[in-house]
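**Q** Under the UniProt record's numbering, the first residue of the sequence shown carries the number 1, and numbering increases by one thereafter. Note that CB positions come from ideal geometry on N, CA and C, so glycine has one too. If you're wondering where the values come from, they're calculated on a predicted model, not measured in any experiment. Quick one: this structure, given as structure tokens, is what I'll be asking you about.
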Amino acid sequence: MEQTDFFKLLSDETRLNIIMLLACKGELCVCELTESLQLSQPKISRHLALLRSSGVLSDQRKGQWVYYSIHPALPTWCTQILDVMRHQERFKDLDLNSPKGTTTLCESL
């Protein structure tokens, strides 16, 4: 992945928040991201598709739900940047305690 492409992806606040939530939580589905970020499902899905097609995220189907996570083949320099950013003060405002688990919200729907 080119550095400019990676930083362009991070330049959008919604994508950045999605990436930070996934970096902290490990794996989340669309409904959990919409709940945490208080954004519409179509908006979240559009950003997830872009992040997935660029190789930043991977997805895995579990039953009827698709779970997203940071792609395990993401270059080391990218994961190091995400690790540094994860500890920044501004990301402490993200609701990292919600959702409580990766299946609780989805299974209740």
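DSSP puts D59 in a beta bridge; with which residues?
**A** BP columns for D59 point to Y68.
**Q** Measure how close the beta-carbons of L28 and L22 come, nearest whole angstrom, since I'm counting them as under 8 Å.
**A** L28 to L22, Cβ: 6 Å. Contact.
**Q** Please name the residue or residues paired with residue 112 in a DSSP beta bridge.
**A** The structure shown has nothing for residue 112, since the chain only spans 1 to 109.
**Q** Quick one: residues in its chain with C-beta nearer than 8 Å to the C-beta of G55, no 5 flanking neighbours on either side, listed in chain order?
**A** Cβ neighbours of G55 beyond the five flanking positions: M1, H71, A73 and L74.
**Q** May I have the straight-line CA-CA distance separating D59 from S45, to the nearest angstrom?
**A** Rounded to the nearest angstrom, the two C-alpha atoms are 12 Å apart.
**Q** Determine the direct distance from the alpha carbon of K25 to that of R86, and round the result to whole angstroms.
**A** Near 11 Å, if we compare the C-alpha coordinates of K25 and R86.
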